[in-house]
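Spelled out as structure tokens, the structure:
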């Protein structure tokens with residue numbers, strides 16, 4: 001079932017192909033300049049650091065709903081091993097098998113394709129099993145550090161968490177921006193809080209996964225208008241599931257990643273940050289969120305930190 | 001072969017057990033206070049961000065010398081998969097198997113034990129195959145953000161890289177501190193550059209691994225005297241290999257991790273940072289280096305960034 | 001909660017420690033002699049080959065109930081990769097991560113220990129994280145080929161499958177032996193059919209896993225009296241779950257593996273074999289069931305075949 | 001560089017597409033009939049069982065020469081874990097990550113493709129990252145049990161092992177057949193011994209991998225003329241490496257797997273079998289060599305056994 005014309009119209013409006021040259025592989029990360037980072041560092045007033053990653057463990061957020069996206073299987077290859085003989089210093093070593101998109105992660109730009117293309121008009125078949133992503137792989141992103149802005153949609157709506165069917169609209173983002181008292185500007189990384197991750201934190205990963213609130217197909221234009229550098233939220237699917245429009249699957253992914261060339265983050269735990277921002281009445285901070293640089297990865301784990 | 005009395009004497013002098021309470025699990029990370037972080041953020045002047053992680057890929061730094069510490073085997077579980085039918089948005093997904101200590105990483109405190117103990121006097125057998133590290137596992141570290149100071153020992157000695165047999169002494173650190181024009185202080189994260197990683201970057205992972213320059217058994221006292229929060233360098237083994245004293249294996253690991261409770265980083269690529277610091281004539285910066293929070297992990301990958 | 005005296009009394013009666021010498025690592029596999037195998041080969045009359053392994057795939061029998069025992073995550077490292085250039089022969093290659101006990105498998109003798117011991121009185125701590133099983137590891141078993149006898153307990157009871165609470169007793173085995181018209185003898189490998197695996201084959205892995213029929217604590221004496229070489233069945237847990245006696249966990253494992261030194265097989269698909277045996281009115285056959293020889297493995301996948 | 005016309009001529013002569021119907025997925029395994037298996041079972045005279053698999057361990061035969069084909073990383077997820085409380089029966093469990101073609105294995109028919117096709121004329125792109133091999137995957141093979149015939153080319157030439165540059169020709173096979181005193185016939189599984197695996201067994205995996213003796217492009221016609229069901233040998237590459245003809249890579253793979261639809265086995269340890277056959281002056285036996293049934297696998301580990 002081909003993508004509808006409405007999708008293609010929005011796609012045209014938010015498209016960034018060629019904007020940073022035909023050779024560009026990082027999209028809206030280009031918007032994070034030295035000036036942006038200097039200003040972000042200047043927001044640090046207390047030095048408080050808030051972690052946004054979920055702990056990595058076998059009972060992580062994945063339910064099996066997405067085939068192959070496995071929770072971390074973390075095993076030991078040595079426990080107090082006296083490699084050099086008895087009564088010497090003993091070592092312990094670990095190994096993991098996991099989906100790169102299994103926990104708190106960034107989607108790299110080639111994570112989705114549509115109509116045979118990935119970001120900047122490159123052919124989707126530049127991703128191969130053997131070579132992985134030839135363009136815009138996760139290792140290309142480099143350091144991801146900028147001003148972070150929390151758009152606490154749940155709080156702005158007076159809800160502990162959004163209903164599982166809630167679709168986050170541009171109007172929701174406006175209201176959260178107003179609550180924040182911050183104007184989102186070029187190079188910002190926007191964190192959209194739905195509260196949905198409370199379900200996982202309370203032990204119900206099935207409820208967390210589906211149904212889930214998420215971003216509307218109308219939000220990419222909002223992000224594009226403000227030249228946001230990246231967006232993350234606290235859901236498994238990023239956009240609403242079941243989808244906003246019947247038989248239109250992953251349109252927000254396609255607009256953000258393919259058309260705009262903008263990183264998307266999922267499974268970010270924004271609960272402690274939400275409390276801190278409300279307490280301190282400030283919603284902008286220094287955000288450090290560099291993905292693990294997997295060569296050709298179409299996603300990667302990240303351990304983001306908000307520094308207030 | 002039991003650890004010699006000289007080791008135990010140093011151990012006594014640098015020991016931090018109980019310093020932050022019997023329940024403490026993070027050791028010298030306690031030294032990173034809000035004030036330290038605020039001061040670190042204030043060092044940002046250009047907004048330049050320098051990545052310190054090696055790309056993660058199958059031809060990584062591991063040679064097989066350390067059993068079970070495998071380079072990333074990164075495979076795709078989907079490539080442009082039209083999960084929802086033909087002509088829909090297609091997704092690509094990745095999986096990895098890797099040693100948590102295989103690439104650019106932090107050693108967590110329980111990575112080594114000696115005399116049956118880990119940091120803060122806890123029993124080494126609190127690490128188990130099934131449960132991994134019960135105390136001081138990698139997820140306990142939380143955000144690792146502080147002032148970073150580059151001690152460019154190679155540059156201070158006028159060498160492109162240190163000889164493979166060079167043992168980095170407190171005097172080397174003093175000289176590098178003088179070159180840096182910075183006084184290392186409480187809560188700093190110190191990055192010690194030997195230049196050894198050039199061997200890997202030039203394609204010779206065997207030469208990189210062994211023999212290797214590294215830190216002397218005398219350096220923990222230097223770090224302890226200054227209340228350093230963590231130390232990383234650009235070698236596979238952190239300390240010199242072959243070891244500084246015959247039959248005394250991993251004494252620096254034992255002093256840093258077990259006695260002081262101080263994170264150690266390995267395989268950090270400090271080459272670009274060295275150039276930048278020399279150019280800008282400044283060696284202190286904001287360092288963001290939060291490990292992936294593997295629950296009970298005795299180490300974890302990290303994608304550190306220096307923000308100048 | 002220590003093992004009850006009743007357990008220890010049975011243990012004494014079925015114990016084989018020392019029977020094949022203090023150095024023995026294969027237990028009842030010693031009972032498979034050349035004569036046994038010749039006689040087994042002589043049972044082949046049609047040449048029909050019936051596979052007893054479940055296909056290996058991500059939606060295998062594991063539900064997450066047993067931590068770390070993961071279903072196969074089977075990924076491609078190359079798909080039609082033209083390693084040697086365009087228009088050459090292209091190759092596809094696969095990788096898997098899986099629990100060795102995840103699918104159709106044998107438990108090796110050290111898979112369980114009790115009272116600090118494994119088979120033949122060796123210390124349980126001879127199994128280590130780094131070295132795995134020093135004694136009786138899966139690679140020691142060697143070829144496992146013998147006469148197989150199907151004891152079709154479900155059919156003997158006139159049931160399609162046993163109730164989920166049914167505990168298979170010696171009397172059940174007697175009745176199935178009578179149905180089979182075969183006398184179980186020294187060196188035989190006995191396959192006990194409950195029909196439970198139908199639940200998995202019908203798509204309900206939760207129901208397959210638990211609750212499950214399985215072997216009674218009284219069956220090891222039955223096997224010991226006949227000098228059976230190995231026993232496999234068509235359940236996840238081998239013995240009944242929930243257990244036959246409250247707070248007495250895995251007693252059959254302990255008796256079979258530790259005391260007798262007898263391999264146990266689980267998740268064997270005996271459905272087609274059951275049909276064939278009933279049709280052909282014969283229940284003895286040549287069984288070929290050599291485990292994958294994982295060095296130090298406490299279990300291994302096996303692809304058993306009955307040859308009629 | 002396209003395949004030369006000489007290749008295509010041989011391909012025509014050995015092609016089996018359509019021979020067992022357009023729907024066939026198992027190729028020459030069709031030649032193993034009940035009668036073949038009955039006759040194979042009748043060869044059993046001593047009941048001696050000889051294992052042909054290499055133990056699976058981290059220092060296996062893979063050198064890194066073939067990207068992604070990793071030796072087994074075998075870790076424990078539990079060691080003597082008292083899952084049910086203190087003093088209960090304790091369990092040990094294992095996990096592995098490995099290339100399906102890493103050790104002693106069968107290549108499934110879709111392991112290679114040429115000219116866009118796999119066996120029986122199916123499109124090569126029926127193999128996908130997400131779905132793996134849609135046709136002729138390893139799970140389709142079913143039980144592989146037949147008469148095995150050892151063609152001991154090394155012994156027939158009076159060599160302990162063939163020179164690393166030796167290319168095994170039809171004339172070599174004739175000579176080995178004469179030594180064997182057996183006429184290879186329809187449905188046989190032929191094991192071709194070069195002795196090359198001695199290099200690995202002596203600890204030199206690099207020498208084992210390359211250069212390597214192997215089968216000539218002329219051997220597929222020899223196998224085809226006799227309607228052999230499958231062929232395995234004791235090398236890493238099966239065919240000679242470097243290749244017999246410059247710039248003609250893997251032609252034997254293409255002829256055996258794609259054109260004939262005949263399984264190929266590699267890394268089979270034929271040393272003990274060679275001794276046994278020479279001692280007993282018999283070279284035919286019952287061979288049981290069922291691959292682990294990985295769904296859609298383009299190869300799989302196997303633990304073959306010769307029963308004499």
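Chains as they are written, first to last, in my numbering: chain A, 1 to 308; chain B, 1 to 308; chain C, 1 to 308; chain D, 1 to 308.
Every residue gets a Cβ at the ideal spot worked out from N, C-alpha and C, and that includes glycine.
Here's a check: name, in chain order, each residue in its chain whose Cβ is nearer than 6 Å to the Cβ of residue i, leaving out the five neighbours to either side.
i	result
residue 379 of chain B	Chain B is shown only over 1 to 308; residue 379 of chain B falls outside these bounds and no answer can be derived.
residue 48 of chain B	308
residue 289 of chain A	144, 302, 304
Between residue i and residue j, what straight-line distance do the alpha-carbon atoms span, to the nearest angstrom?
i	j	result
residue 4 of chain A	residue 193 of chain A	29 Å
residue 58 of chain A	residue 71 of chain A	5 Å
residue 39 of chain C	residue 211 of chain C	38 Å
residue 294 of chain B	residue 167 of chain D	51 Å
residue 161 of chain C	residue 195 of chain C	4 Å
residue 51 of chain A	residue 203 of chain C	40 Å
residue 107 of chain A	residue 213 of chain A	18 Å
residue 226 of chain C	residue 169 of chain C	15 Å
residue 30 of chain B	residue 266 of chain A	30 Å
For a cutoff of 8 Å on Cβ pairs, would you count residue i as touching chain D?
i	result
residue 73 of chain B	yes
residue 138 of chain A	no
residue 67 of chain B	yes
residue 250 of chain C	yes
residue 165 of chain C	no
residue 77 of chain A	yes
Please name the residue, chosen from the options, that lies closest to residue i on a Cα-to-Cα basis.
i	options	result
residue 154 of chain C	C/175, C/216, C/146	C/175
residue 151 of chain A	A/281, A/296, A/108, A/7	A/281
residue 104 of chain C	C/215, C/11, C/235, C/165	C/235
residue 187 of chain C	C/231, C/161, C/168, C/170	C/231
residue 286 of chain D	D/191, D/203, D/202	D/191
residue 28 of chain B	B/238, B/223, B/283	B/223
residue 306 of chain C	D/142, D/267, D/11, D/284	D/142
residue 120 of chain D	D/61, D/24, D/252	D/24
residue 66 of chain B	A/268, A/250, A/84, A/15	A/84
In its own chain, which residues sit with a C-beta less than 7 Å from the C-beta of residue i, not counting the 5 before and 5 after it?
i	result
residue 63 of chain C	205, 206, 209
residue 82 of chain B	88, 90
residue 68 of chain D	99
residue 164 of chain B	211, 212, 213
residue 79 of chain B	92
residue 184 of chain C	149, 177, 190, 226, 228
residue 124 of chain C	113, 116, 117, 118
Just checking: is the beta-carbon of residue i within a distance shorter than 8 Å of some beta-carbon in chain B?
i	result
residue 80 of chain A	yes
residue 190 of chain A	no
residue 96 of chain C	no
residue 56 of chain A	yes
residue 294 of chain A	yes
Leaving out five residues on either side along the sequence, give the residues of the same chain with a beta carbon under 8 Å from the beta carbon of residue i.
i	result
residue 95 of chain D	74, 75, 76, 77
residue 129 of chain B	none
Are any of the Cβ atoms in chain A nearer than 8 Å to that of residue i?
i	result
residue 286 of chain B	yes
Using 8 Å as the cut-off, can you tell me whether the segment 272-280 of chain C makes contact with the segment 241-258 of chain C, which would need three or more C-beta pairs spanning the two stretches below that distance? no
Tell me whether the segment 256-263 of chain A and the segment 4-22 of chain A touch, counting them as touching only if at least three CB pairs, one residue from each stretch, are closer than 8 Å. yes
Please confirm if the segment 215-222 of chain B is in contact with the segment 249-256 of chain B, defined as three or more CB-CB distances below 8 Å between the two stretches. yes
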